[in-house]
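Take the sequence shown: its letters are residues 1 to 296, numbered as in UniProt numbering.
Working notes, structure below.
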Amino acid sequence: MDEDDRDYLIAARPLENIGYVYSGTEITQQKEVLNRLFVVLLLLTALFTFVAMTLSFIMTGKAIRPIMNSVERQRDFVNDASHELRTPLSILSAGLVILEEEDGEKLSDFSKQTVDDMSDEVRRMTSLVNNLLLLARSDSGKLVLEKKEFDLSALLFRSIRSFSKVVEDNELSLTSDIQENVHFTGDQERLKQLLYLFLDNAIKYNRKNGNIRVQLNTTEIYNRISVIDTGIGIAPEHQIKIFNRFYRVDETRSRAMGSNGIGLSIARFIVQAHGGFIEVDSTVGKGTCFTILLPK
């Protein structure tokens, strides 16, 4: 009951055949004390929460800082190592080319095979170094795409021609269905690298006498590039993971084929940097279709 800004506590007790007995006492002061204690409790709770969050932020920052420094040092190491390796690899590659051109006829069959194997390994290492350098630059935010308009159709034709010998050596066939005069504004070198990654995968994971087909067509919104193979295929549970860095569907087979598990993650980065995305449709034992959608 509240009267004249005062609070009372009233109790009633029934008396047999008579009625009720009422008693009351004023509790205004006690209620004011409780209200003040409640406000103080709220303020203390807010204060403790703020202090706890501040301490947590400070401690988390101290804990994460060494980790971030370690990650940064790893990025710098990969970047520096990639730069340092590119020069000797270029020298080795040039030396092997000169050896093949000048002394090719003088070499025995065993020596020729050795030179060919060395050339393959130098190309593989060069590709790995370039991929690692691209990843390091993308992680550090230092990679800048050099976008300009170019003939996307011509780039696909050149890429297909450059793989013709490798396709023949692996007893495969390579066909194309490319819409001509498709122009696109992007980083031509990165998109060339993208096509090489998908063609290289289509060769590695194909079967003997298999086929690779490259398609290019346009819609109202996208330039659509498809690389289709008749290879071993990818199980559904792996399809959502294959673009993760260093992920391999089959560790043993991937190592035997020279896969390092970063090709598709680089492909995804290049496509996303151009505002596009990649679709994958695959059936185990029948083959895989990678579709690259680049916005016009």
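Glycine included, each C-beta is placed from N, C-alpha and C at the ideal position.
As the structure is a prediction and not an experimental result, all values here were calculated from the model.
Every unbroken beta strand (DSSP E) inside the segment 124 to 156 [3 residues or more]: 148 to 151
C-beta contact flag for S176 and R207 at 8 angstroms: The residue given as residue 176 occupies position 176 in the sequence shown. The residue given as residue 207 occupies position 207 in the sequence shown. No, they are not a contact pair.
Beta strand (DSSP E) segment containing S108, residue limits: Reading the sequence shown from its first residue, position 108 is the one you call residue 108. Annotation for S108: no beta strand (DSSP E) segment contains it, and DSSP assigns it neither H nor E.
D5 (DSSP reduced to helix, strand or coil): Against the sequence shown, residue 5 aligns to sequence position 5. Here D5 sits in coil by DSSP.
Cβ pair V182, N209 closer than 8 angstroms: Against the sequence shown, residue 182 aligns to sequence position 182. Against the sequence shown, residue 209 aligns to sequence position 209. Their beta carbons are not under 8 angstroms apart, which means V182 does not touch N209 by this criterion.
Buried versus exposed, by CB contacts within 10 Å (16 or more), S56: Here residue 56 corresponds to residue number 56 of the sequence shown, with the count starting at 1. So S56 ends up on the exposed side.
Cβ pair V227, H238 closer than 8 angstroms: By one-based count along the sequence shown, residue 227 stands at place 227. By one-based count along the sequence shown, residue 238 stands at place 238. Not in contact: V227 and H238 (Cβ atoms no closer than 8 angstroms).
For S164: DSSP bridge partner residues: Translated into positions along the sequence shown, residue 164 becomes position 164. Beta-bridge partners assigned by DSSP to S164: none are found.
Buried/exposed call for D117, threshold 16 Cβ in 10 Å: As a working mapping, residue 117 is identified with position 117 in the sequence shown. Exposed: under 16 other Cβ atoms inside 10 Å.
Any 3 or more C-beta pairs closer than 8 angstroms across the segment 184 to 193 and the segment 139 to 152: Of all C-beta pairs linking the segment 184 to 193 to the segment 139 to 152, three or more are shorter than 8 angstroms, placing the two stretches in contact.
Cutoff 6 angstroms; reference G263; Cβ partners in own chain excluding five residues on either side: Here residue 263 refers to the residue found at position 263 of the sequence shown. Answer for G263: L197, listed in chain order.
Nonlocal neighbours in the same chain, by C-beta distance under 7 angstroms from P295, ignoring five residues either side: Translated into the one-based positions of the sequence shown, residue 295 becomes position 295. Counting only Cβ-Cβ distances below 7 angstroms, and skipping sequence neighbours, we find I221, Y222, G275 and G276.
Unbroken beta strand (DSSP E) run spanning E26, endpoints: On the sequence shown, position 26 is the one that residue 26 refers to. It spans G19 to E26 - the beta strand (DSSP E) in which E26 sits, taken as one unbroken run.
Outcome for N17 when other beta-carbon atoms lying within 10 angstroms are tallied against a minimum of 16: Residue 17 sits at position 17 when you count from the first residue of the sequence shown. N17 should be labelled exposed.
Cα-Cα separation, V284 to N211: On the sequence shown, residue 284 is found 284 positions in, with the first residue counted as 1. On the sequence shown, residue 211 is found 211 positions in, with the first residue counted as 1. About 16 angstroms.
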